[in-house]
Every structure is written in structure tokens, then in C-alpha cells.
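Below is one structure; the comments refer to it alone.
Number of protein chains: 2
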Amino acid sequence: MCRKSFVLSRGCLVGLVLLAAGAPGVENGPERSINRERVLARLDALALIGRTPEGGVSRVAFSEADIAGRDHILRLMNEAGLAVRVDPAGNLIGRREGNVAGLAPIVLGSHADTVPNGGRYDGALGVVAALECAEILRERGTTTRHPVEVVVFADEEGGLIGSRGMAGALDEAALAAVSQSGKTVGEGILALGGDPSRLAAAARRPGEIAAYLELHIEQGGVLESRAIPVGVVEGIVGIARWEVTVEGFANHAGTTPMEYRRDALLAAARFILAVNRVVTAEPGRQVGTVGRLTVEPGAVNVVPGQAILSLEIRDLSLEKVRAFFARIRRESEAIARETGTTFAFTALEETPPSPTDERLRGLVRDSGRELGLQTLDLPSGAGHDAQMIARIAPVGMIFIPSVAGISHSPREFSAAEDIANGARVLFSTLLKVDQAFGRL
Amino acid sequence: MCRKSFVLSRGCLVGLVLLAAGAPGVENGPERSINRERVLARLDALALIGRTPEGGVSRVAFSEADIAGRDHILRLMNEAGLAVRVDPAGNLIGRREGNVAGLAPIVLGSHADTVPNGGRYDGALGVVAALECAEILRERGTTTRHPVEVVVFADEEGGLIGSRGMAGALDEAALAAVSQSGKTVGEGILALGGDPSRLAAAARRPGEIAAYLELHIEQGGVLESRAIPVGVVEGIVGIARWEVTVEGFANHAGTTPMEYRRDALLAAARFILAVNRVVTAEPGRQVGTVGRLTVEPGAVNVVPGQAILSLEIRDLSLEKVRAFFARIRRESEAIARETGTTFAFTALEETPPSPTDERLRGLVRDSGRELGLQTLDLPSGAGHDAQMIARIAPVGMIFIPSVAGISHSPREFSAAEDIANGARVLFSTLLKVDQAFGRL
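Chains as they are written, first to last, in this note's numbering: chain A, 1373 to 1812; chain B, 1373 to 1812.
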């Protein structure tokens, strides 16, 4: 193979570069580059694997459906001429070699696992679009300068497990955790064909990935509400979470007059309103959420003695997150005084923001402009594998609109034209990155 | 036995009446009537049956501990010379005959079952004090005009089951319900020695109980906070309950901007505050409680799509309960509009208020005055067997202070002197009722 002689033969290399430049279709502009019907058909086919009665998809990481979905993608990778392997972290990787020796791969990726009864686009879109890029390169006989890798990351929904492994940040504690499938993460990685005893071999060092690109549905309603087809992701927001325990005193609801009560749920209700008030008090894209709340003893005829709730704040600036929390905490002290309760905050995981690469954002914008597609810079409020890879490589992310902003639901939907446009932007950006990056 | 010849022999009857009038101790005033140490020792002994590691008591109705507790009381009834039987509804009844033919019994009662890990006074106090009244009558050789019955009602905590049966209001649906013990109520009644196939024979008609008296801990903090030893219960409050379903829209907490959210928990929090505001907006002893709240999907990173909560309103006036609910419902409509959610109310059981008998309240007050004990008229916010018996007979209830108003908890506590005073008032009231009632 000529590929093997890269470092030896400059002549072979030059020949390939000339071949790539002259490949049919690339000059026709990326708007006609991708096979829209194939992309849509592949999304349809993938959605049948783990389909739920409600019309959603359950391919919970490490489940039989997840494994079946990956096997399906593996066959598509083979058909696309990719060299396929599973790395020790359980990531399914299809590789197409480039023609410039020594260049690190451009990685296109996303995930194929879903939340229980989730949607058909979250993750799957990025995988199918990445595969499409490889298909087009193969069909055209185009060889890029960089190798191109299509990656299906393991267990994204359970904690960015596969991309965490690729970033060298997957530890023993994470392996021992029980995943939603019932298997530990370590057992799950084994079931995917990975090898948790050799995790270090899955880790890539800075420089070993030239660039990472991920196409994903927005999962929010910003693009749709503004009728903008392409989002240029500024970064993945930082997330801070707390468990908040409100202690009051449980007592008989019939015999305890209102003025003697120390009602933990009443205090929690005031807290929930305070979170909303503080977070919306200034402009910006920060969000604050109380998503969980349990009440003890939780009986119709007992004044609640305890409420445990979750608090989550997200923003691209961790300083802003901390400032909002400080204000919320001050409000909780006043509520505690006025209701005869106490508030205790336990800080849970804190995820730092992951900005995307400025050059890659520019190339995504350029692709949109060339394709006649308006773009909008916006943060990703959701976590993505890209934030893990951002630890070791420049990353870029492309969003397409989610109808009504619905995700993690059978009602998750993106329009066919938006899907096709997203794949076109991804392909165009890949070609631009291939040209712009890795120059001496 | 002279007892058997009541209706035949006027002479025997007159002799007994004379004997009763001249019995030692009755003339000494009820303040020295009861054996305080025996009452306290019996409460201690009963608290060992079903004792929990936390120092509470678990004699959940129909459990082994409940049956053991009733067997213990049955032995005490026998020792007190009572004729013991279990009626078809599972009520344990010890009877001491009176000496005026044709008079219906005065019933003294309460229950011996508890909530899981409950307290040692709720129910047990009324049973031990009723037994004490029978003991004193026996020890003094006093025969009352009316028969006196000491009743341990079956499964009070699970829905006033035994007293419901005595009131003729226990239906097939209640028998089929699964109780906290795991048995159905019907199976439980069988286990207590009752006969659910003959329930009609447990029912008493109006007139078949001359009066019902129950001593109970307040289970609230009103008497203690005012340092008043005896409560004269005005009635058992009416209770209305609703299940309230708040529907918003579940969405990704990271990707859904604050202004696009339809957060069911945020709406529920505003509702909880509205309930508190409406119920406390005017003077009175009404209470309004949200004791249960569940959130769906209940994940730290998902905007709540649904909240289901309980609403309970109690007052001696059902009209007031309904007026408060109408105001709360109007507030919910405004909250729904402002938060993009919907509120649906499902009315659950509605228990009408059960006023106590005015004459009996007067006799309890008289007893307190004679014993030098201050009394306070107050409603019972909790349900009691008395409210079932109120359907068929005049009822009176006596409360003693609960320290810190705590009940249904291992921390439930009443002071020894308050317990003794409560038993003294019960005994004194029994004697007054025996004289005042049943006159031609």
C-alpha cells in the first residue's frame, strides 16, 4: 500500500495530494456533497434498534440494544471502507488514512447510546453524519491530508465514559459505578469489546488528535425560535450541582396549628422560587434548575419534616455560576430564619466550562456562509463528548434546530432539511480543517 | 349472680344502687379516685410490646405486635372482672354490667394499634385509662346505673376500622383494602378474632350506646403552649383532601433557557405558598397542608414536567373548608396562566366534621373544675374513633397535653401528672354521665 510508504516516498505523497485536489464533487461545493436520502434512511434504520412503544428509542449504554446499535454501525463502517477497532475504553473507531505522513487524525464523533425512552437524533445524528463524511470521501476517492476517524463514544449518557477514557480521565471509581444497564461501567466496557484493564492505551495525548468535530441536535429551542439553521457552539457550559437538605419538623397535619409548624416543604417551595428569581434577575444564558425533590415523610396528613432537592446552575463562566450560588445561599438563610428550618448544601460534581476552539468556530461559520446558511453563536447547555476531548484537542461543535427544543423524549425531532444542512456543514468544515490544520 | 336477675328482681337492683351510693372512695372525690402508679406502669408495660430500637412503638394493626398487645389488654380486662368478647368487627370489648335494667352502656374506648414506629400514648392512654375506670369500680364494688364497656377498637390508624364497624359503616371495599400489615382488612379482622362475614352483628343502632367517652393525647401543642392540663374537645374537624396534578413540560435543564420553560415544580412551589397564604389569611384554627409531592421525571438535569401533590384542609366547619379551597383554586388558575402549566384537582375522601355532644362537654368541664384543673375548648385536628361513634351516639373527648405537640413519633410524650389528671377527669365524667344520662 502506498499508505505505508508515506514517510519514505515524497513522490507517492505528492501524487495523492494531487488526486485529492482533483477528486470529483469536492469542487462542486459541499452543498451537493452529502447524500441526504442515505443520511435520513440511516437515521430511520438506527431508530428501529431499541425502539419503544411510545416511538422513542432505548439504547441505554451497555444494554443489548446499545450493543446491537453499535454492531449495526460497525457494519456501516466496514461498508464505508473504514478500518474498524474498539479501543480499550469501549469506543468504536473507524479510520480512513490520510496522505500526509505524521498528521494526527481529525476525529468526527458522537454517541449511539440513549437515555431510556429517549429520542432518535441525540447522538445518532452525529454518528450518521460522520459516517456520511467517510462515505463521501470513499465514493469520490478523496483522500484527506489527515487521517479521518469516525468515533462512536461509549456510554455518553451515563457520564461521557468513552470520551473520558480517550481524554485519559476515566478512573477506577467510574469503572466501579453501576450504570443504568445494571452492569458496572467496567463490565459494560467489556461487553462493548473494550478492555478496562488497559484503559491507559485508550488515552490520547495532546497533539494526537488534530481536531475534533461533532454535529449534534441543539436539544434546546433557541435556533428554532430564531429560525436559524446552524448553531456555532461557543463552548459547553460549566455545571455546578448541589444537594440541598431542608430540615423542618414532621408533625401531625391535623393537630399542629399553622403558626407552630416548621414545614420543610414550605421552606423548599420558597427556595425554588428564590432560585428562579436570582437566576433570571440579570440578562444572560445562565440557567438554574431544581429538578429533584423528595419529601419526608411524604404523607397527606403529616407536615413535611424534611425536603431534599437538587440545585443545578449552568453557565459558560464558572465565576458567574459561583456568584449566582452565593446569592441563592444568602436567600436560603433568610428563608430558614423565617420558617424555623435549616438548609444544608452538599456540593456535588462541578464540571468546568469547555470552550470550543476559536479557529474551528470560524471554519464552521465559513462553511455556513458558503452554503447560504445563517449561523448563530450559542453555548451548549448540555454536556457532550466534545467537552472531554477539549481537554486534549481543539474541538468544534455544530448544532441544528430541535423542534420545540424537546430532547431526551420520544418527541425529540429535527427536520430533514436541517439534518441534511448539518451534515453538509460538518463535511465542509472537515475539508476546511483538513486544509487549514497541520500546516508547518 | 345478682347481675342475671336485674330484670326480675327490683329488690336486688335497689340493693346494688344503695351499695354503689355507699361505696368507699366515690364520695372522696375523683381526684383520689384513680391509681396513678398503676396507670403509668400499665402504659410502660404496653409500650414494651412492639417496642422499636428508636424507643417508639410499632403495633401496626393486625401485626403480631398488635395481637400481642390486645392479648395483654384482654388479660387485664379479665383481671378487672370484665366480661370479654371480640365483636365481629374485631373490637375487643370488656363489659361490666350496670344496675338499671334497660339502660344502654356507657362506652369508654380508644385503640391499641399504632402507626409504624409511633408513640406510646396515642390510643394506649385511652385504653389504659378506660381500664383504670373499670378497675376502680371493681375495687370499690361500685356498680354504675349503666353498663360500662371498655372498648379497644380495631385498626384505628388504618381508617377507624373497628369503630366504623360499630357504627355500621364498614363496607366490602374497606374489607378488601390491603392494610399496612400486608393483610387485607378482612383478613386482619379475622386474625383479631372478629368475623367479617357477620359485620352487621357488630353494628350498633342509635340508642344502643348511652354515651361514648375517649381520653386521648392532644397530638398538637395548643394545651402545652397555654399550660392548660385538660382539653374539652369541641369536635373532630372535617377533612377534605385533593390530589393536585401540575402539568408542565419536561425538558433538558441545560438546553432550555429560563424563559422557555414550563416548570411544573416551580408552579407547584407557588401553589404551596398560596395554600399557606390563603389558610393563614384569616383567624381561626383551620389548617391547610401539602404533605406529599412527587416530581417527574425527577432528575437533577431535567426541568420538571409534572408534579403531583396532596392538599388537605381541615376545619370544624365544612363550609369554611370549601371556601378556602375555592380561594386556593382561584390562585392556582393565576399560577397556571403565568407559568404555562395546568392544574387538575381530584377530590379524594371528604370527612364531615363530628361535633361532640354539648352535655358531655359540659360534664367534662364540670369534672375539670371540681378537680381544680383548668380546661380549654378546642377542636381535634386528628381523626379519632369518637368521630365514627358520633354517628350513632353522643360522644365526648378529653385531651391532655402532648409535649411539643409531637405525635406519631418515638418522641411522643405526655407528663405523668397530665396522664393521671386525664384519667381522673375521665373517671369523674363517667360517674357524672352515669347519673345524668338515662333518666326517665
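The beta carbon of each residue, even a glycine, is placed where N, CA and C say it ideally should be.
Secondary structure of residue i, DSSP reduced to three states
i	result
Pro1568/A	helix
Gly1560/A	helix
Val1472/B	coil
Phe1785/A	coil
Ile1608/B	strand
Asp1687/A	strand
Ile1761/B	helix
Arg1423/B	strand
Ala1698/A	helix
Arg1492/B	coil
Ser1810/B	First, the residue type needs correcting, since residue 1810/B is Gly and not Ser in the sequence shown. The answer is coil: DSSP assigns Gly1810/B none of H, G, I, E or B.
Ile1478/B	strand
His1483/B	strand
Ser1779/A	coil
Ala1574/A	helix
Phe1771/A	strand
Arg1431/A	coil
Gly1462/A	coil
Ala1862/A	Residue 1862/A lies beyond the stretch modelled for chain A, which goes from 1373 to 1812, so this question has no answer here.
Ala1455/B	strand
Any chain B beta carbon closer than 7 Å to residue i
i	result
His1483/A	no
Leu1645/A	yes
Gly1753/A	yes
Arg1686/A	yes
Val1648/A	Note that residue 1648/A is Asn in the sequence shown, not Val. Yes - at least one Cβ of chain B is within 7 Å of the one on Asn1648/A.
Ala1641/A	yes
Ser1726/A	no
Gly1531/A	no
Nearest-angstrom Cβ-Cβ length linking residue i and residue j, presumed shorter than 8 Å
i	j	result
Ala1476/B	Ile1589/B	Going by Cβ atoms, the distance from Ala1476/B to Ile1589/B rounds to 28 Å, so no, they are not a contact pair.
Asp1729/B	Pro1766/B	3 Å
Arg1845/B	Gly1610/B	This structure cannot speak to residue 1845/B, because chain B is shown only from 1373 to 1812.
Pro1725/B	Ile1608/B	7 Å
Val1520/B	Arg1468/B	5 Å
Arg1623/B	Arg1633/B	Correcting the residue type first, residue 1623/B is Asn in the shown sequence and not Arg. Between Arg1633/B and Asn1623/B the Cβ distance is about 7 Å, and since that is below 8 Å, they are a contact.
Arg1733/A	Gly1768/A	6 Å
Pro1773/A	Asp1790/A	5 Å
Ala1440/B	Gly1566/B	With a Cβ gap of about 17 Å, Ala1440/B and Gly1566/B do not count as contacting.
Any chain A beta carbon closer than 7 Å to residue i
i	result
Arg1613/B	yes
Val1667/B	yes
Val1379/B	Because the pLDDT at Val1379/B is just 35, under 50, the model does not fix this residue reliably, and the point stays unresolved.
Leu1637/B	yes
Val1500/B	no
Leu1390/B	Bear in mind that a pLDDT of 38 at Leu1390/B, under 50, signals an unreliable position, so the number given afterwards is only what the model happens to contain. No, Leu1390/B does not count as interfacial toward chain A.
Arg1408/B	no
If you measure beta-carbon to beta-carbon, which residues of the segment 1651-1665 of chain B are closer than 9 Å to chain A?
Going along the segment 1651-1665 of chain B in chain order, one finds Val1651, Thr1652, Arg1657, Gln1658, Val1659, Gly1660, Thr1661, Val1662, Gly1663, Arg1664 and Leu1665 with a Cβ nearer than 9 Å to chain A.
Scan the segment 1620-1635 of chain B for residues whose Cβ lies nearer than 9 Å to a Cβ of chain A and list them as they occur along the chain.
Phe1621, Ala1622, Asn1623, His1624, Ala1625, Gly1626, Thr1627, Thr1628, Pro1629, Met1630, Glu1631, Tyr1632, Arg1633 and Asp1635
Mind listing which residues of the segment 1767-1801 of chain B have their C-beta closer than 9 Å to chain A's C-betas, in chain order?
Ser1774, Ala1776, Gly1777, Ile1778, Ser1779, His1780 and Ser1781
Whole runs of the beta strand (DSSP E) within the segment 1705-1754 of chain A, excluding any shorter than 3 residues:
Fully enclosed beta strand (DSSP E) runs of 3 or longer: 1714-1723 and 1747-1752.
Length at least 3, wholly inside the segment 1498-1561 of chain B: the beta strand (DSSP E) runs in chain order:
1520-1525
Within 7 Å of chain B by C-beta, residues of the segment 1581-1594 of chain A in sequence order
Glu1590, Gln1591, Gly1592, Gly1593 and Val1594
Runs of 3 residues minimum, wholly inside the segment 1577-1648 of chain A: which ones carry the beta strand (DSSP E) assignment?
1583-1589, 1602-1608 and 1610-1619
Scan the segment 1697-1724 of chain A for residues whose Cβ lies nearer than 7 Å to a Cβ of chain B and list them as they occur along the chain.
Listed by position, the residues of the segment 1697-1724 of chain A near chain B (Cβ gap below 7 Å) amount to none.
Could you please tell me which residues of the segment 1667-1682 of chain B, in chain order, have their CB closer than 7 Å to any CB of chain A?
Val1667, Gly1670, Ala1671, Val1672, Asn1673, Val1674, Val1675, Pro1676 and Ser1682
Length-filtered (3 minimum) beta strand (DSSP E) runs lying within the segment 1646-1681 of chain A
1659-1661 and 1665-1668
Using Cβ-Cβ distances below 8 Å, what residues of the segment 1420-1432 of chain B are close to chain A?
The segment 1420-1432 of chain B vs chain A, Cβ under 8 Å: nothing.
Identify each residue in the segment 1594-1609 of chain A for which the Cβ-Cβ distance to at least one residue of chain B is less than 8 Å, and report them in chain order.
Val1594, Ser1597 and Val1609
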